Structure formats: structure tokens, C-alpha cells
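A.B. asks: The numbers in UniProt numbering rise by one with no breaks, and the one at position 131 of the sequence shown is 131. Backbone N, C-alpha and C define an ideal beta-carbon position, used for all residues, glycine too. Small disclaimer: the values here were computed from a predicted structure and weren't measured.
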Amino acid sequence: MGMNNIDVDAGPSRIESEPLLRNARKDCPGEITYGVAPPAPAQKEGRSVRFDIHGDNDGNKKNININVSIGNSNKKNNNSNNTNGDNNNNENENENENENGGEGSDEGELTVTRTPLPYKEVMLLALLRMASPIAWSQIFPMMEDLKVTDKTTKVGYYSGLIDSVFSFVQLFTCLRVGMLSDKMGRKPLLLIGLYGVVICTFLFGLSKSFAWALMTRAIAGAVSGNAMIINSAIADITDETNQAQAYTIIGLAYNVASILGPVIGGTFAKPAETFPNSFGKIQLFVEYPYLLPCSVSDTVSISALIACTFFFKETAVRRPVLKQVESFYSSNDIQKIDVSKEKKSVWKIARHPVLSSILITHFALNFLTTTSMVVFTLFAYTPIAEGGLSRNPDEIGFATASSGIISSILEVILIPKLQRRFGTRKLYIWSMSLWPIIFLSFPLLHTVATSMAVLPGGGSTGPVRTGGLGMLGVSSSGDLAVWISISLQLTIQRIATMAYPLILILTKDAAPSDDVLGTVFGLSQLVGATARTVGPAFISSLFALSKQHQIAGGNFVWVIMAVLSTAGFWSASRVKDGTTAVPYEPVPDEEEQGHIQGHEQEQEQGQEQEQENRRSH
1 MGMNNIDVDA
11 GPSRIESEPL
21 LRNARKDCPG
31 EITYGVAPPA
41 PAQKEGRSVR
51 FDIHGDNDGN
61 KKNININVSI
71 GNSNKKNNNS
81 NNTNGDNNNN
91 ENENENENEN
101 GGEGSDEGEL
111 TVTRTPLPYK
121 EVMLLALLRM
131 ASPIAWSQIF
141 PMMEDLKVTD
151 KTTKVGYYSG
161 LIDSVFSFVQ
171 LFTCLRVGML
181 SDKMGRKPLL
191 LIGLYGVVIC
201 TFLFGLSKSF
211 AWALMTRAIA
221 GAVSGNAMII
231 NSAIADITDE
241 TNQAQAYTII
251 GLAYNVASIL
261 GPVIGGTFAK
271 PAETFPNSFG
281 KIQLFVEYPY
291 LLPCSVSDTV
301 SISALIACTF
311 FFKETAVRRP
321 VLKQVESFYS
331 SNDIQKIDVS
341 KEKKSVWKIA
351 RHPVLSSILI
361 THFALNFLTT
371 TSMVVFTLFA
381 YTPIAEGGLS
391 RNPDEIGFAT
401 ASSGIISSIL
411 EVILIPKLQR
421 RFGTRKLYIW
431 SMSLWPIIFL
441 SFPLLHTVAT
451 SMAVLPGGGS
461 TGPVRTGGLG
471 MLGVSSSGDL
481 AVWISISLQL
491 TIQRIATMAY
501 PLILILTKDA
511 APSDDVLGTV
521 FGLSQLVGAT
531 ARTVGPAFIS
541 SLFALSKQHQ
551 IAGGNFVWVI
561 MAVLSTAGFW
571 SASRVKDGTT
581 AVPYEPVPDE
591 EEQGHIQGHE
601 QEQEQGQEQE
611 QENRRSH
């Protein structure tokens, strides 16, 4: 039997095992058992990785080795060898013959260069990503005028409820939106989401009651799935050599929008009072004091809508509804069977070992991030005597905004380099290992604040708080020590949240195929929305219980969160890298199995009839 050339030219877009193994499998149509692939290379020049396939080709043992090296050259070498015991056929000038008494080997070498980032498309998607957070991050100051509560300390609670309803509604819609984006394309769903943001933001500006505000936010959650669709679109247009850079740019856009939103809300809220000579003469802004900031933020959403309409080109992989089920049998006659219905169940995809491990840790990341943000605000605002830091809302906002800006810049600079150096999985596990340290640092912050707190006259307060920050001063050296401690803790928090672009990369790599990317990101959005829905209520209640009843000296909340964050770190360590795992092979369902068995039976009957005819002759 002659040697068969193997096409290992997967192009610069992918260097991971799955496409290379699939290409190699074309030359070995029998039943395949895959060798264990080594960890994915970190895109470092000169480094190589080897994948092995062991199979049976027409009854002859066959071994395929694929070597992939990364450098600046586009040179490709295909070395292929197949020996069937007594027949060798040299068809490649670089071929190395190898006789092993019925066993042979195929080798291919592929040199891959780093793919340039499609800046135009990524920047357009970054603009689209800004629409939702810039519209909804301005809602905090509006709660006071809705007269939902007379206590300013409860404004944060109702603001959180307004924000949580968005995630709650998405529990019922995000998966369907993701699946629709695979069938209809990304652009139609993006446009629907942007229209929803524009309309609901404007309606929110007309709010005069808490119920109205809650309803507009719920509608926005129902129609908007832009975050996961944008993540899917980034996965469509990037590969493993540039995806880290793309996802960090999207993350930067989100952080910038989250910072600009409150600035817009604070600057343009109540314009009739702030600018009486101009807006004070317009009755519309007198009656609806938050219509102007909502309208200003809507300009960003409208700009994104126009840009998406005229400049966004569809990125989704369009495939026919009919799918072809690859035979798992050694007969060359049974190659592919067409099935009339798409039966790749979403739950089959979710149960795949690689993706299921990623979904679990995705829930953990969202839960820990959400709870840390909520509890930091509660902890910082709580009086020192009750176990907090006695910080006012302006100080808390300044601290979180400053750390957000700095971390966003560092994220764009560092994540792509670190990801290339250490690999996605290893870097993700390292970032998740920081969460136990973060939660255990809260009582240390309180210790620093307690030891540095003094009365304006110079007397030590000890654990007693006599009033607000006007009543309780902080010495200059003590103030500096407290702020250094807060800055250090927030820095560690921000480093830990750098796991977000990494989990998106892992999710993309775990997708069974490109035509279900929207479904896969819909699943990740589902588990993320679940975590963001239960997280705030859980941590708020646990914090209140711990402080009110002084369980473990008020530190019970930190003990529980340290345990949960350790579990989150454990879930990260169990993540399987989709680039090195065994390629996904859909298990035939009952209908597909019936088609396969029916085809087999027909073949067996034909073979029996042929044998009977031979005997009769």
C-alpha cells in the first residue's frame, strides 16, 4: 500500500490539537484512539509540540506524529510514511522511510506565525460593549429621588435590587439568545440588544416610581444578550495567538464605561437645579430630573447602534441544519450519514468533560468577584466599632474607580504577554489562587484601621466610634497606613479579576465546534448570571448575620468566604484545557444511532446475499 500524504496545514489561526488531529484523521479513516497530547504551547518562538494518533488503516497499523513549532517562518514540511510490511512508496522528497513490520508513521511539521489583531473589528465590538454598562452604572444616585426609602443607608440595597433583576431575567433568556446567534448570526441579536438598551435607558429616565424603574431594567435584561454575543464574535475573528489581546480590550471597554456612567449620572442629574439658567427653564427636565443623564448615555448606545448597522460584518459560521455524523466504525463504506434534524442537545454540550469543568469554575469566578465587590462596599462603610473601616461613599467610590482604571490599563498590557509566556490555564489557576488571600485580608484591614483611629483631639478611640468621619478623625500617618492597606487589597482583587479574559479564552477553546460558539457562551452567561443573582443577597445576609451576632468575633463571614474561595481555587485547578483535550466527538442520540444501525444491517444483508450468490455459483 502506498504512502498517504497528510494535510496538517491548519493555517496560522489554530495550533491546538483538535484541528490538527482532525486533519490527520482524514488519512486514517478507521477507528481512532488518540494519544495524550502534551500541554498547549505558549506561542513561544522555537518551541514545538507533538501529537500522536494511533489507528488502524485498512487492517494495517498506522502511527501519525504531528510536530508543530512556532516561529517567524512560513515554511512547512510534510514528512509522511506508511509501511504495510513489504511495500514502501516515497512520494515526498523530505520523506523518511520507516519499516516496522506492518507498522508505519506519518509526520508533519507546521510553523505558525502570530496572527495580526483585527483592530477595526475589535474596536467596533468594544464600542458595542460600552453601551450597556454606561447606561446602567449611573442608577445609584437616582434611587433617592424615587422615594423608595427614607434611609440613605438602604439606597444601596434598592440599587442592588434594580441591578440584580437584570441578571435574574437573563437566567431565562441568555441561553436561547446564544443559540439563536448560532442560527441567525451575531448581528441580528446585537441590533435587538442595542435597540433594547436605547429604549429601556430612555424609559428609565422617565421613572417616577421604583416599580417603573424595576420594569425597565427587567425588559432590558430580557432583550439584551450583547455581552455573550460580543464574546462569541471575538472568538469568531481571533485565534489563540491574538485572542488574549482582543478580550482584554473588550474588558477595558467595559471598565471605562462603568467609570463613565456614574460621572455622567452625577454631572447631568437634576439639571434644573444644577444649571438653572438653561435647563431650569425646560419643564421636561424639571419634571424628570434624570432624563438628561439617560439621554446623554443613550448617545453612546445610539452611536453603537449606527456603527453596528452599517459597519459590523457577520462573523458567525453559517452551517446547514443537516449535520453529518461521522461513523465510529472501521468499515470504509460507512463514512457519513445525514440526519434530518439538528440533535446536538445543549445539555450534551454542557456535559462534555472539558466544558463542564470550565462552567463550574466560571460560576465560582463570577460568585467570588460579585461578592467581593459587594462586601467591600459594606465593609468600608461600616463603622470601625462594628468591624468596618468608617469610610464615606465618596472615598469608597474614589478607591474603587482608581483601582479600576489602573487595573484596566495593566490588564491590556500584561495579560497578552503573560498568557503567551505561561499559557491560559496556568495563569487562570494562579489568579484564582488569590481569592482566599483577598477575603482573609478584610479582618487585617480592620485591625489596621482600629490601631490608627484617633479622636480629633488626639485621644485614642480604641474600638469606639463617636460619629461619622467628621467626628472621628484619622491621624495623617494612620490615614496613610489605612489607604496603603486598602490600595494593596484592591490591587490584589483587580489582579484576581484578570481571570475574566482568561476564562473567556478557555470557554472558546472548549467549544465543540465553531458553529455552537453562541450556545457555549450562552451557557457561560447562564452560570455567570446565576452567580451574580445569588451572590449579592448571600454575602449581604452573611455579613449582617456575622456582625449583628458577633459570630467568631464578627469574622464568621470571612471564614466562610475563605472556605468558598478555596473551593473556587480547587475548581480552577480541575479545569481541562480545551486545546489539549481529546477532540469532541458527538455521541449519536437514539435517532442517529438508529440510522447507523439500519445502514449497518443493510450492509450486512448485502454481504450475506453476496456470499449466498457465490455459493450458489
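Any heavy atom of the ligand GTP closer than 7 Å to the beta-carbon of Leu-378?
C.D. replies: No copy of the ligand GTP appears in this structure; indeed no ligand is present at all.
A.B. asks: Does DSSP classify Asn-392 as helix, strand or coil?
C.D. replies: Here residue 392 is taken as the residue at index 392 of the sequence shown, counted from 1. Coil, per DSSP.
A.B. asks: When DSSP labels each residue in this structure, what does Gly-553 get in the three-state scheme?
C.D. replies: Here residue 553 refers to the residue found at position 553 when the sequence shown is read from its first residue. In this structure, Gly-553 counts as helix in the three-state DSSP scheme.
A.B. asks: Would you mind giving the Cβ-Cβ distance between Leu-171 and Thr-533, rounded to the nearest angstrom? I have them listed as a contact below 8 Å.
C.D. replies: Taking the sequence shown and counting its residues from 1, one reaches residue 171 at position 171. Taking the sequence shown and counting its residues from 1, one reaches residue 533 at position 533. Between Thr-533 and Leu-171 the Cβ distance is about 7 Å, and since that is below 8 Å, they are a contact.
A.B. asks: When the Cα of Leu-191 is compared with those of Glu-612, Arg-420, Lys-208, Ile-230, which residue comes out closest?
C.D. replies: Within the sequence shown, numbered from 1, the residue matching residue 191 stands at position 191. It is Ile-230.
A.B. asks: In whole angstroms, what is the alpha-carbon distance linking Thr-216 and Arg-420?
C.D. replies: Here residue 216 refers to the residue found at position 216 when the sequence shown is read from its first residue. Here residue 420 refers to the residue found at position 420 when the sequence shown is read from its first residue. In a straight line, the C-alpha of Thr-216 is about 43 Å away from that of Arg-420.
A.B. asks: Can you give me the C-alpha to C-alpha distance between Ala-246 and Leu-284, rounded to a whole angstrom?
C.D. replies: Stepping through the sequence shown from its first residue, residue 246 is reached at position 246. Stepping through the sequence shown from its first residue, residue 284 is reached at position 284. So the two alpha carbons sit approximately 42 Å from each other.
A.B. asks: Here's the rule: buried if 16 or more other CB atoms are within 10 angstroms of the residue's CB, otherwise exposed. What is Arg-47?
C.D. replies: If you number the sequence shown from 1, residue 47 lands on position 47. Below a pLDDT of 50, predicted positions are generally treated as unreliable, and Arg-47, at 38, falls in that range; the measurement from the model is reported next regardless. Exposed, since its Cβ has fewer than 16 Cβ neighbours within 10 Å.
A.B. asks: Under the assumption that Asn-242 contacts Thr-115 (Cβ atoms under 8 Å), give the Cβ distance between them as a whole number of angstroms.
C.D. replies: For the purposes of this step, residue 242 is taken as residue 242 along the sequence shown, with counting starting at 1. For the purposes of this step, residue 115 is taken as residue 115 along the sequence shown, with counting starting at 1. At roughly 5 Å, the Cβ-Cβ gap stays under 8 Å, so Asn-242 and Thr-115 are in contact.
A.B. asks: In whole angstroms, what separates the C-alpha of Ile-349 from that of Val-520?
C.D. replies: Counted from its first residue, the sequence shown places residue 349 at position 349. Counted from its first residue, the sequence shown places residue 520 at position 520. Cα-Cα distance, rounded: 8 Å.
A.B. asks: Take Phe-439 and list the residues in its own chain whose beta-carbon comes closer than 6 Å to its own, dropping the five residues that flank it on each side.
C.D. replies: One-based indexing of the sequence shown puts residue 439 at position 439. The answer, listed in chain order, is Trp-558, Met-561, Ala-562, Ser-565.
A.B. asks: Looking only at its own chain, which residues have a Cβ that is under 6 Å from the Cβ of Arg-614, when we skip the five neighbours before and after it?
C.D. replies: Stepping through the sequence shown from its first residue, residue 614 is reached at position 614. Same-chain partners within the cutoff: there are none.
A.B. asks: Nearest-angstrom Cα distance between residue 627 and Leu-517?
C.D. replies: There is simply no residue 627 to check, as the chain begins at 1 and stops at 617 in what is shown.
A.B. asks: Round the Cβ separation of Cys-200 and Ala-213 to the nearest angstrom and send it over; I've been treating them as touching at under 8 Å.
C.D. replies: For the purposes of this step, residue 200 is taken as residue 200 along the sequence shown, with counting starting at 1. For the purposes of this step, residue 213 is taken as residue 213 along the sequence shown, with counting starting at 1. Cys-200 to Ala-213, Cβ: 10 Å. No contact.
A.B. asks: Taking the alpha-carbon positions, what's the Leu-260 to Asp-509 distance?
C.D. replies: Mapped onto the sequence shown, residue 260 falls at position 260. Mapped onto the sequence shown, residue 509 falls at position 509. Whole-angstrom Cα-Cα distance: 33 Å.
A.B. asks: Using the Cα positions of Val-49 and Ala-244, report the straight-line distance between them to the nearest angstrom.
C.D. replies: The residue you call residue 49 lines up with position 49 of the sequence shown. The residue you call residue 244 lines up with position 244 of the sequence shown. Confidence is the limiting factor: at Val-49 the pLDDT is only 40, short of 50, which leaves the residue's position unreliable and the question unanswerable from this model.
A.B. asks: Is Leu-322 buried or exposed, if buried means 16 or more other CB atoms sit within 10 Å of its CB?
C.D. replies: Position 322 of the sequence shown holds residue 322. Its pLDDT being 32, under 50, Leu-322 is placed unreliably by the model, and the measurement read from it follows with that caveat. So Leu-322 ends up on the exposed side.
A.B. asks: If you draw a straight line from the C-alpha of Ala-544 to the C-alpha of Gly-178, how long is it?
C.D. replies: Walking along the sequence shown from the start, residue 544 turns up at place 544. Walking along the sequence shown from the start, residue 178 turns up at place 178. If you take the alpha carbons of Ala-544 and Gly-178, they lie about 37 Å apart.
A.B. asks: Compare the C-alpha of Ile-360 against each of Phe-569, Ile-162, Ile-551 and name the closest.
C.D. replies: Residue mapping note: residue 360 aligns to position 360 of the sequence shown, counting from 1. Nearest option by C-alpha distance: Phe-569.
A.B. asks: Can Ser-301 and Val-197 be called in contact, C-beta distance under 8 Å?
C.D. replies: Along the sequence shown, one-based indexing puts residue 301 at 301. Along the sequence shown, one-based indexing puts residue 197 at 197. Result yes, Cβ atoms of Ser-301 and Val-197 sit closer than 8 Å.
A.B. asks: Could you pull out every residue in the same chain whose Cβ sits closer than 6 Å to the Cβ of Ala-253, ignoring the five residues on either side in sequence?
C.D. replies: The sequence position of residue 253 within the sequence shown is 253, counting from 1. The answer, listed in chain order, is Ala-126, Arg-129, Met-130.
A.B. asks: Compare the beta carbon distance of Ser-431 and Lys-576 with 8 Å and say whether it is the shorter of the two.
C.D. replies: As a working mapping, residue 431 is identified with position 431 in the sequence shown. As a working mapping, residue 576 is identified with position 576 in the sequence shown. No, they are not a contact pair.
A.B. asks: Looking only at its own chain, which residues have a Cβ that is under 6 Å from the Cβ of Ile-134, when we skip the five neighbours before and after it?
C.D. replies: Within the sequence shown, residue 134 is the residue found at index 134, counting from 1. Result list for Ile-134: Ala-257, Leu-260, Gly-261, Ser-297, Val-300, in chain order.
A.B. asks: Work out the CA separation of Gln-607 and Thr-248 for me, nearest whole Å.
C.D. replies: Walking along the sequence shown from the start, residue 248 turns up at place 248. Walking along the sequence shown from the start, residue 607 turns up at place 607. Cα-Cα distance, rounded: 59 Å.
A.B. asks: Do Leu-504 and Arg-425 have their C-beta atoms closer together than 8 Å?
C.D. replies: As a position in the sequence shown, residue 504 is number 504, starting the count at 1. As a position in the sequence shown, residue 425 is number 425, starting the count at 1. Cβ distance not < 8 Å, so Leu-504 and Arg-425 don't count as in contact.
A.B. asks: Do Ser-232 and Ser-181 have their CB atoms nearer than 8 Å?
C.D. replies: Mapped onto the sequence shown, residue 232 falls at position 232. Mapped onto the sequence shown, residue 181 falls at position 181. Yes; because the gap between Cβ atoms is below 8 Å, this pair is in contact.
A.B. asks: Could you work out which residue in Ile-282, Ile-162, Leu-117, Tyr-288 is closest to Glu-240 when comparing CA atoms only?
C.D. replies: Taking the first residue of the sequence shown as 1, we reach residue 240 at position 240. Nearest C-alpha to Glu-240: Leu-117.
A.B. asks: What are the start and end residues of each continuous alpha helix (DSSP H) run of 4 or more residues lying completely inside the segment 190-266, in chain order?
C.D. replies: Taking only runs of at least 4 residues, the alpha helix (DSSP H) segments lying wholly in the segment 190-266 are 210-223, 226-237.
A.B. asks: Do you know how far the Cα of Tyr-381 is from the Cα of Ser-573?
C.D. replies: Locating residue 573 in the sequence shown gives position 573, counting from the first residue. Locating residue 381 in the sequence shown gives position 381, counting from the first residue. When rounded, the distance between both Cα atoms is 35 Å.
A.B. asks: From Phe-376 to Thr-315, what does the alpha carbon distance come to, in whole angstroms?
C.D. replies: Along the sequence shown, one-based indexing puts residue 376 at 376. Along the sequence shown, one-based indexing puts residue 315 at 315. Those two C-alpha atoms are separated by around 39 Å.
A.B. asks: Does DSSP put Thr-115 in a helix, a strand or coil?
C.D. replies: One-based indexing of the sequence shown puts residue 115 at position 115. DSSP places Thr-115 in coil when its eight states are reduced to three.
A.B. asks: What does a CB cutoff of less than 6 Å around Thr-238 pick up in its chain, not counting 5 residues either side in sequence?
C.D. replies: The residue labelled residue 238 in the question sits at position 238 within the sequence shown. Closer than 6 Å at the Cβ level, and outside the excluded window around Thr-238, lie Ala-246.
A.B. asks: Pick out whichever of Phe-310, Ile-282, Gly-205 has its Cα sitting closest to the Cα of Ile-264.
C.D. replies: Sequence index remark: in the sequence shown, residue 264 carries index 264 (1-based). Looking at the Cα atoms, Gly-205 is the closest of the given residues.
A.B. asks: So, helix, strand or coil for Ser-372, using DSSP?
C.D. replies: Within the sequence shown, the letter at position 372 stands for residue 372. DSSP places Ser-372 in helix when its eight states are reduced to three.
A.B. asks: Could you spell out where the alpha helix (DSSP H) holding Gln-138 opens and where it closes?
C.D. replies: Locating residue 138 in the sequence shown gives position 138, counting from the first residue. Looking at the DSSP string, Gln-138 is not in any alpha helix (DSSP H), and its letter there is neither H nor E.
A.B. asks: How should Glu-602 be labelled, buried or exposed, when 16 other C-beta atoms within 10 angstroms of its C-beta is the threshold for buried?
C.D. replies: Position 602 of the sequence shown, counting from 1, holds the residue named residue 602. It counts as exposed.
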